[in-house]
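In this note's numbering, the protein residues as written are 3 to 364.
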């Protein structure tokens with residue numbers, strides 16, 4: 003399995019505790035407790051497409067760059083990690099569950115009618131061979147279903163190549179937050195150099211090249227500091243602050259947001275994402291469900307055969323068919339253990355990361 007599951011506005015932002023000795027590629031002034039931030043950037047190619055000022059010009063530039071053909075051809079960013087690495091992670095510690103008192107934020111409904119604002123594809127259809135023996139299924143949600151409109155694909159460029167991940171809108175005080183995997187916003191190459199995503203756009207309710215709720219650029223990308231500095235898989239968590247769209251709306255007001263919870267016992271889970279590695283093609287939403295298990299070192303796993311591109315797709319508990327509570331996400335797979343997906347355990351560290359960024363707004 004090929005996986006490793008990674009504006010003119012006033013902004014309320016916490017002040018970082020220190021900006022000393024900042025490593026290259028790190029914006030110290032954007033860092034908040036437990037989270038490292040980086041301003042969303044455009045490559046020179048996309049920057050040339052920006053005609054005019056304001057967010058509408060950026061939306062148009064992203065739509066011009068991320069054509070349906072380019073979105074379909076973007077590839078997963080992930081590489082498989084070894085089973086030995088996972089065993090080392092599990093052996094490093096076995097922190098008890100749960101961690102800290104449970105903390106829950108409920109799902110949020112949109113505050114405006116969730117009407118598609120861009121071209122939409124027709125009803126979802128099968129995106130993989132019908133003779134595959136797989137556990138994942140296509141929910142075939144219509145455009146505007148609460149799961150479909152809050153989840154979506156993220157498209158971005160790293161080192162001049164176009165990549166994809168999955169993500170979802172999470173209920174936050176600032177109503178502007180998209181939740182994903184840390185490696186979907188920043189990666190560390192073999193030479194130890196950090197690479198932030200550029201040309202980043204979130205497409206809610208993506209389906210086969212369509213963007214029914216528009217293209218949302220990244221204002222600021224955040225990743226857990228332990229992921230940024232140590233590539234710690236137990237903290238492979240990311241979040242992206244979205245600007246208001248050209249209509250002046252915040253993303254949570256438009257599509258709503260799933261709830262999120264921390265410090266819970268490990269339990270039955272529904273996972274969602276856009277797997278793009280074979281045998282999938284990344285053009286529609288997939289889901290799988292089953293019990294999650296403790297793998298130690300603040301990592302959990304479930305039987306889940308999604309592939310690269312599903313990274314960042316949320317895991318829901320207490321799912322009622324429409325809404326649920328994010329309590330994990332597709333983070334990484336292991337080359338020698340097929341059909342298994344891992345996630346950070348949502349304990350104290352992930353809770354602190356969420357609380358560091360959830361009030362940010364534009």
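Think of the CB as a built atom: it goes at the ideal place given N, C-alpha and C, for glycine as much as any other residue.
Item: Looking only at DSSP bridge pairs, what is residue 219 linked to?; Value: 203
Item: Measure the alpha-carbon distance for residue 318 versus residue 192 and round it to whole angstroms.; Value: 33 Å
Item: The alpha helix (DSSP H) that contains residue 356, what's its start and end?; Value: 350–359
Item: For residue 313, which residues of its own chain have a beta-carbon under 7 Å away from its beta-carbon, when the five flanking residues on both sides are left out?; Value: 7, 8, 80, 167, 168, 183, 185, 186, 332, 333
Item: My output table needs one value for residue 176: the three-state DSSP class, helix, strand or coil.; Value: coil
Item: Judging by CA-CA distance, which residue of 207, 270, 149, 147 is the nearest neighbour of residue 368?; Value: For residue 368 there is no data in the structure shown, the boundaries of the chain being 3 and 364.
Item: Does the Cβ-Cβ distance between residue 148 and residue 256 come in under 7 Å?; Value: no
Item: Over what stretch of residues does the alpha helix (DSSP H) that includes residue 342 continue unbroken?; Value: No alpha helix (DSSP H) holds residue 342; the beta strand (DSSP E) holding it covers 339–346.
Item: Taking contact to mean 3 or more Cβ pairs, one atom from each stretch, closer than 8 Å, check whether the segment 280–290 and the segment 201–221 are in contact.; Value: yes
Item: In this structure, how does DSSP classify residue 212 when only helix, strand and coil are distinguished?; Value: strand
Item: Below 7 Å between beta carbons: does that hold for residue 248 and residue 58?; Value: yes
Item: Does the count of Cβ pairs from the segment 232–239 and the segment 55–75 closer than 8 Å reach three?; Value: no
Item: Could you name the residues of the same chain whose beta carbon sits closer than 6 Å to that of residue 141, not counting the 5 residues immediately before and after it, in chain order?; Value: 289
Item: Which residue's Cα is closest to the Cα of residue 65: 118, 205, 195, 188?; Value: 205
Item: Could you pull out every residue in the same chain whose Cβ sits closer than 7 Å to the Cβ of residue 114, ignoring the five residues on either side in sequence?; Value: 251, 255, 256
Item: Sort 278, 67, 268 by Cα distance to residue 159 and report the nearest one.; Value: 67
Item: Under 7 Å between the Cβ atoms of residue 240 and residue 105?; Value: no
Item: Among 199, 341, 244, which residue has its Cα nearest to the Cα of residue 45?; Value: 199
Item: Please classify residue 280: does DSSP put it in a helix, a strand, or coil?; Value: coil
Item: Could you give the DSSP three-state label for residue 78: helix, strand or coil?; Value: strand
Item: Specify, as a first and last residue, the run of the beta strand (DSSP E) that residue 51 falls within.; Value: That residue, residue 51, is in no beta strand (DSSP E); it is neither H nor E in DSSP.
Item: According to DSSP, simplified to helix, strand and coil, what is residue 244?; Value: coil
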